[in-house]
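Structure first, then comments.
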Amino acid sequence: MDDWQQILQHSLRTPEEIAQRFGLDVNEVRKIGQAFKIQITPYYASLIKRKGDPLYRQVVPDLAELAENSGEDDPLEEDLDSPVPSIVHRYPDRVLFLVAHSCASYCRFCTRKRKVGDISKIHPRYIEDGINYIREHPEVRDVIVSGGDPLILSDDRLESILSQLRSIPHVEIIRIGTRMPCYLPQRITEELTSMLKKYHPLYLNVHFNHPDEITAEAARALNLLADAGIPLGNQTVLLKGVNDDVETMRKLMQKLLTVRVRPYYIYQADYVRGTDHFRTTVEKGLEIYQGLRGWTSGLAVPQYVIDAPGGGGKIPLIPEYVQSISDEKVVLRNYTGELFVYPQVKTPKRRRSRPQPPCFVSSSQRV
């Protein structure tokens, strides 16, 4: 058994272990555990400095998860875009391929709280069905391997999936989404990276929400992946009490770049049942975005997006930098609030044809 698997076996799983470790009421933890999966790796637990700190909030169960009536089990309506159980096909040329049901630790804000940790949600037959679906759909050129966490699988099992995907001629890009470098960086081994590099072009998106998560051990794991030629991106979720201030978010993005990870997305927290205590206002997200753009390197500024409820996909949000547009000029606001004018190019005026009405998808299909 590999070291990372031994570490994983010693994770905090039972209500009794978690209550004792963090000084909680065991009966309350049991109630939460009946509704949502609970697990914390010993490595990540060791990073928690005090009760209620930003890392604590992300993994330690809270009664607020049961006290709320807002939110939905499947706010992104992934199940409606799932032609087979392991595939979510929402965008024209790419699919989400769910290959694992479990994670090293369970985020209390997870958008898939309804299914992670449930072994009935992933069956070997579902993996085969997913491969066959991708093979039969030549429009799919990009496959995002997700779960759960794909890196919870053994090297051999993961390689079996990757090799089958790479054998499909129209699959150009493979992406893996994982939180292992954050929750269990010991999982990133030389053996794993040697295997992954055989399936280029392969990209890996990691998930860090707070600068304290980027430890020396996490840096070792990320640099090992980067040394294998794997481009790394980071997806952060904007969370109340975790990273909902400019200073924390800026430090996180800058620290990611020092370990060769490109900030990719900041997500507005999804409208998931039992997570309302994590959600900020969108205005707060725009304030943080403005505190990044212009105030630090453009490399450190990810897209701020909402994954639209109802299955609308990722929609970018940006502050209003364009103040006005006319035939003569564009008035722009920069990051400090100053206004500047960009002269428009002079073009011969043409007779304008009557604009055609846009074609919309009926709202009844999504709302």
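Taking the numbering used here, I'd label the letters of the sequence shown as residues 368 to 734. Glycine included, C-beta positions come from ideal geometry on N, C-alpha and C.
Item, Value
"Those residues which DSSP pairs with Tyr550 across a bridge", "Tyr550 is not bridged to any residue."
"Local conformation of Gln406 per DSSP, three classes", "coil"
"Backbone CA spacing between Ser730 and Leu653 [nearest angstrom]", "Any reading at Ser730 needs caution, since the residue's pLDDT is 39, under 50, leaving its predicted position unreliable; the model's value is listed next. Approximately 27 Å, taken between the alpha carbons."
"Complete runs of the beta strand (DSSP E) confined to the region 615–640 [at least 3 residues]", "629–635"
"Per DSSP, cross-strand counterpart(s) of Arg479", "Arg479 is not bridged to any residue."
"Check whether Val649 and Gln635 have beta carbons under 8 Å apart", "yes"
"Three-state secondary structure (DSSP) of Val609", "coil"
"For Asp674: DSSP bridge partner residues", "Lys681"
"Gln401 classed as buried or exposed, judged by whether at least 16 other C-beta atoms fall within 10 angstroms", "exposed"
"Span of the beta strand (DSSP E) around Phe389", "Run containing Phe389: none in the beta strand (DSSP E); it sits in the alpha helix (DSSP H), Pro382 to Phe389."
"Boundaries (first-last residue) of the beta strand (DSSP E) holding Ile541", "Ile540 to Gly544"
"Start-to-end residues for the alpha helix (DSSP H) that takes in Ile655", "Val649 to Leu659"
"Integer-rounded CB distance, given that His468 should sit under 8 Å from Gly515", "5 Å"
"Proximity test, Cβ basis, 8 Å: Phe575 and chain C", "Any reference to chain C falls outside this structure, which holds one protein chain only."
"For Asp643 and Leu443, believed in contact at Cβ under 8 Å, the rounded distance", "That pair is no contact at about 16 Å."
"Contacts around Lys681, its chain only, beta-carbon distance under 7 Å, and the 5 residues preceding and following it disregarded", "Val672 and Asp674"
"Span of the beta strand (DSSP E) around Leu315", "Only positions 368 to 734 of the chain appear in the structure, and residue 315 is not among them; the question remains open."
"Ile794 - containing beta strand (DSSP E), residue span", "In the structure as shown, the chain starts at 368 and stops at 734, and residue 794 therefore has no counterpart that could be examined."
"Touch test, the region 535–549 against the region 494–514, Cβ-Cβ under 8 Å, three pairs minimum", "yes"
"Per-residue burial, Lys565 [other beta carbons within 10 Å of its own, 16 or more giving buried]", "exposed"
"DSSP state of Ser527 mapped onto helix, strand, coil", "helix"
"Through-space distance from Gly658 to Pro715, alpha-carbon basis", "40 Å"
"Sheet register partners of Tyr709 (DSSP bridge)", "Val697"
"Given Lys404 as reference, the closest of Asp446, Phe476 and Leu589 once Cα atoms are compared", "Phe476"
"Secondary structure of Val466, DSSP reduced to three states", "coil"
"Continuous beta strand (DSSP E) stretch holding Ile511: start and end", "Asp509 to Ser513"
"DSSP beta-bridge partners of Ser691", "Val698"
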